[in-house]
Amino acid sequence: MPAKRVIPCLDVKNGRVVKGIQFKQLRDLGHPAELARRYDQEGADELVFLDIAASQENRGTREAWVRDVARELTIPFTVGGGVSSIEDARSLLRAGADKVAVNTAASLRPDLVCDLADAFGSQCVVAAVDVKRDPDLGWRVYLKGGTAPTERSAVDWLWELNDLGAGEILLTSMDRDGTGDGFDLPLLDLASELPIPLIASGGAGREVHFLEALQHGADAVLAATLFHEGILPIPRLKAYLAQNDLSVRI
Amino acid sequence: MSAGTITLIDYEAGNLASLEGALERLGFPFVRAASPDQAAEAGPIVLPGVGHFEAAQRSLRDRGWWSALPGLVADGRPLLGICLGLQLLAEGSEEAPGIPGLGLIPGLVRRLGPGVKVPHMGWSQVHQARPHPALPDPDGAWLYFVHSYALEPTDDTLLVAEHGRPFTAAEARGRVMGFQPHPEKSGPDGLRLLRAALAWMGAAAQEAPCN
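If you read the protein sequences in the order shown, they are chains F and A.
Residue numbers for the first sequence, in our numbering: 3 to 252.
Residue numbers for the second sequence, in our numbering: 864 to 1074.
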């Protein structure tokens, strides 16, 4: 079994890392490569960059910063946001991304997942899934940054993604995201039955939340604000996880 | 071009950007070579690789590398395979039955599992199987892996990792070496081992790296 992974997630807009304040103003946190280097040195196991303003015009900008990040990082990184074709993925991988994350486009056209897995290997394909608790479906899948509900049950969709050839699942609980109340543990119990690695996202507020998520079957834990704001430094989190008998890279 | 220049095989089945970044950081001069006639005149050759065994084999064949590599190795050129690059050096792989590997190192590549998540994705510690001057003090290093197949340990195995069962994490026969993990993406431990392996193979750092 590999070590449990700790993954900071960075939102990128027009080639800059940004952080939203109450969903409106975006604060500029710097160039992706600068933050990449900082997290690399702090002992992050991997990074996820989500391009929140992905558009056709933006593609050149994106390739440039992905290239800069690849040269700066000594750990793997994933890039997502608006990836909707083999060509999108190819340009990101050629620029140096190790994996691409797909979300909305994969839900609208599931064949995209197997096309990507065939072209680049499953290990390159991260399926990002945003879900919310639902009285009918248990958990319902949402698209377009959580604004568009689908008719899919999250658990069914996760298994379908596995069958399509996704190499890893990035599962975000929208109910918990931003609350700091902890991860959605019953959701992780179900999702961790999948035979592919699971990244838990949404709800981290304290060290113990990460421990719980990993004890409930997640292979990796992802958070943004806690790390960006320096509220919970990665070395402290990893030391805590190690003290609690989890295998982490220190 | 100095005598120790590294040749990086560019055959569209590798993530060259990270590897180039690592070589720059370590201060090793290198050239990208799509075909053997673009190779540096001496110095180690690096064979990276991600993706499918058969597709990579075909791509190397189309570019002339598949037929050239055994001769280069016979002439004493050091060769370093990384990830799928290591698997291609072996005799063959369960991923592509009937397709021979380069056969420059012994052994077969088999699928990981059952009973564990595949691909093996993430950081695992390696343990020394036998001491080798190319990899001083490797025991307990954390390295980043992402693969579904792995080389069975042989007498030439230097480092072993475990995912369901022990497998080869690094192997060397003569001047042919391979890493199953990605040392270029494995933080300080990976860069240290990559530097040691390439230096042992004759790569010459031109100047002290600035960071």
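Heads up, the beta-carbon is just placed ideally off N, CA and C, and yes, glycines get one too.
Which runs of the alpha helix (DSSP H), 4 residues or longer, sit entirely within the segment 29 to 79 of chain F? 34 to 44 and 61 to 74
Per-residue burial, residue 146 of chain F [other beta carbons within 10 Å of its own, 16 or more giving buried]: exposed
Name the DSSP beta bridge partners of residue 1012 of chain A, please? A:974
If you measure beta-carbon to beta-carbon, which residues of the segment 88 to 116 of chain F are closer than 9 Å to chain A? 95, 96, 97, 98, 99, 100 and 101
Tell me whether residue 1058 of chain A is buried or exposed, calling it buried when 16 or more other Cβ atoms sit within 10 Å of its Cβ. buried
Residue of A:961, A:1056, A:1045 and A:1018 minimising C-alpha distance to residue 996 of chain A: A:1056
Please determine, among F:229, F:215 and F:230, the residue with the shortest C-alpha to C-alpha distance to residue 223 of chain F. F:215
Beta-carbon proximity check, residue 896 of chain A vs residue 868 of chain A, cutoff 7 Å: no
Start and end residues, alpha helix (DSSP H) containing residue 884 of chain A: 879 to 889
In the DSSP output, what is residue 7 of chain F paired with across the bridge? F:222
Find out if the Cβ-Cβ distance for the pair residue 917 of chain A, residue 962 of chain A is shorter than 7 Å. yes
Quick one: complete alpha helix (DSSP H) runs, 4+ long, within the segment 931 to 980 of chain A? 947 to 952
Could one say the Cβ of residue 53 of chain F lies closer than 7 Å to chain A's Cβ atoms, at least one of them? no
Measure how close the beta-carbons of residue 1026 of chain A and residue 975 of chain A come, nearest whole angstrom, since I'm counting them as under 8 Å. 6 Å
Which residues in chain F have a C-beta closer than 8 Å to the C-beta of residue 1008 of chain A? List them in chain order. 4
Do residue 4 of chain F and residue 987 of chain A come within 7 Å of each other at the CB atom, strictly closer than that value? yes
Over what stretch of residues does the beta strand (DSSP E) that includes residue 131 of chain F continue unbroken? 127 to 136
To the nearest angstrom, report how far apart residue 86 of chain F and residue 1038 of chain A are at their CA atoms. 43 Å
On the premise that residue 140 of chain F lies in contact with residue 175 of chain F, defined as a C-beta separation below 8 Å, what is that separation, rounded to the nearest angstrom? Not really, about 12 Å apart at Cβ, beyond 8 Å.
So residue 229 of chain F contacts chain A; which residues on that side make the cut at Cβ distance below 8 Å? Ordered by position in chain A, no residue passes the 8 Å Cβ test against residue 229 of chain F, which lies about 17 Å from the chain.
Taking Cβ-Cβ distances shorter than 7 Å, what residues in chain F pair up with residue 880 of chain A? 69, 72, 73, 97 and 98
Using a Cβ cut-off of 8 Å, which residues of the segment 1046 to 1058 of chain A contact any Cβ in chain F, in chain order? 1047, 1048, 1049, 1050, 1051, 1053 and 1054
Tell me, which residues are paired with residue 1088 of chain A by DSSP? The requested residue 1088 of chain A does not occur in the structure, where chain A is confined to residues 864 to 1074.
Measure the C-alpha to C-alpha separation of residue 142 of chain F and residue 965 of chain A and round it to an integer number of angstroms. 49 Å
Nearest candidate by alpha-carbon position, reference residue 1019 of chain A, set A:905, A:971, A:982 and A:1053: A:971
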